[in-house]
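A quick write-up on the structure given underneath.
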Amino acid sequence: MEFIKVTEQKEPFVALIELNRPKELNALNRQLMEEVRDALQQLDKNDLVRVIIITGNEQAFAAGADIKQMADKTAIDMLMIDQFSTWDQIRKTKKPIIAAVSGFALGGGCEFVMTCDMVIASETAKFGQPEIKIGTIPGAGGTQRLTKAIGKAKAMELILTGRFLSAEEAFFYRLVNKVVPKEMYLYEAFQLAKEIAQLSPVAVQLAKESINRSFETHLDEGLTLERKNFYLTFASEDQKEGMKAFVEKRKPDFKGK
Ligand code: HXC
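Basically my numbering = 1-based index in the sequence shown + 66.
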């Protein structure tokens, strides 16, 4: 594992996955997501684990998908790479996953948080879907899960402007379960995990599956449309300009082409 650290049984029946690309603010390249997928599949089979916590570091949970890895890809490259099959497998994890978030949770980072089941945030956490600023749109469920979580008007505002939500706002809009001081977010995630880990793993798993089913039938259709539209942005000059501008650290000049 190059980009994540996995600690089993830090507490009884609780495993911790730490995203570990600190210099890049934990930008989610494909290998990192594959490592997370592999770790979750192992932990799902491990009887000594009942609850999984995923975290980043104090500065960032994750600042999005790795823009440098995507910048020059065509729409067909993106379709054929099919990175979201990894995300689909992550979504199939049976045990509950708690995201413990401090700092940036942006783009794919925010989508990753929303793929988890519960969220404990440090008061420094910032959530957003800023893809629009680099000429693309969310591709890993943001248009679907954010809308479901915080409602249409606010989701529109965030996704169409790229604005961020503070931790306090994220709590107000029900994106996160609890906000705590930054020294406490991991501790608080463990408290929640330990409480769940004492209960019947069978009942917990069935409850998770049932809650997710409340929107998953619509989710599948929504994810398919979002994915195609995300790929379609890679056929535009604006996506090339937007991502190139990020890499070159300048403001993009969008032409609508
Ligand atoms: C690649 C990234 C990155 C990213 C940050 N870095 N975010 N590299 N992909 N998403 C790198 C920077 O290039 C820089 O490396 C280092 O991390 C530190 O970032 P800075 O920008 O210098 O830090 P700061 O000025 O503090 O600004 C923090 C920030 C900014 C506001 C979070 O980094 C930012 O805007 N990042 C991009 C956020 C974003 O657009 N996310 C959505 C991505 S698209 P160097 O080597 O240059 O110093 C997406 C699609 C999802 O997620 C669908 C598919 C899953």
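No residue lacks a Cβ here, since even glycine has one placed at the ideal position from N, Cα and C.
Status (buried if at least 16 other CB within 10 Å, exposed otherwise) for residue i
i	result
V268	exposed
N278	exposed
F69	buried
L272	exposed
V167	buried
D132	buried
A255	buried
A301	exposed
L226	exposed
A219	exposed
G122	buried
M99	buried
G169	buried
E101	buried
V80	buried
M67	exposed
T181	buried
T209	buried
Inter-residue spacing [alpha-carbon to alpha-carbon] between residue i and residue j
i	j	result
Y253	A165	12 Å
R96	L106	15 Å
I262	T299	41 Å
M309	D113	43 Å
E249	D143	42 Å
K306	F296	13 Å
L265	R240	25 Å
G325	L82	Residue 325 cannot be examined here, being either before or after the span of the chain that is shown, 67 to 323.
K160	L109	10 Å
D304	D104	34 Å
V115	A126	26 Å
E292	E124	30 Å
I198	P78	42 Å
E189	Y251	9 Å
Q195	V185	17 Å
G47	S280	Any property of residue 47 remains undetermined from this structure, which presents the chain solely from 67 to 323.
A141	K260	44 Å
L258	P162	11 Å
V72	V179	17 Å
A187	P88	18 Å
K315	E275	43 Å
K244	L285	25 Å
K111	V117	12 Å
I216	M222	10 Å
F193	R211	13 Å
K134	A311	11 Å
K317	L289	30 Å
E177	F230	13 Å
Bridge-paired residues (DSSP) for residue i
i	result
K192	F170 and S232
I164	I119 and M184
A81	I118
K244	I186
I70	L85
L94	A131
Discussion item. Taking 8 Å as the cut-off, does the region 84–92 touch the region 145–155 (at least 3 CB pairs, one atom from each stretch)?
Written reply: No: fewer than three Cβ pairs fall under 8 Å.
Fill in: Given 8 Å, three or more beta-carbon pairs between the region 231–238 and the region 151–161
Judged by pairs of C-beta atoms under 8 Å, the region 231–238 does not touch the region 151–161, as fewer than three such pairs exist.
Item to complete: Kindly confirm or deny that the region 187–204 and the region 166–173 touch, where touching means at least three C-beta pairs closer than 8 Å.
Response: Verdict: yes, contact present.
Worksheet entry | Start-end ranges of the beta strand (DSSP E) lying completely within the region 107–161, minimum 3 residues | Annotation note: the region 107–161 contains the following uninterrupted beta strand (DSSP E) runs of length 3 or greater, listed N- to C-terminal: 117–121 and 126–128.
Worksheet item: Which runs of the alpha helix (DSSP H), 4 residues or longer, sit entirely within the region 233–318?
Response: Runs found: 233–238, 251–263, 267–299 and 303–313.
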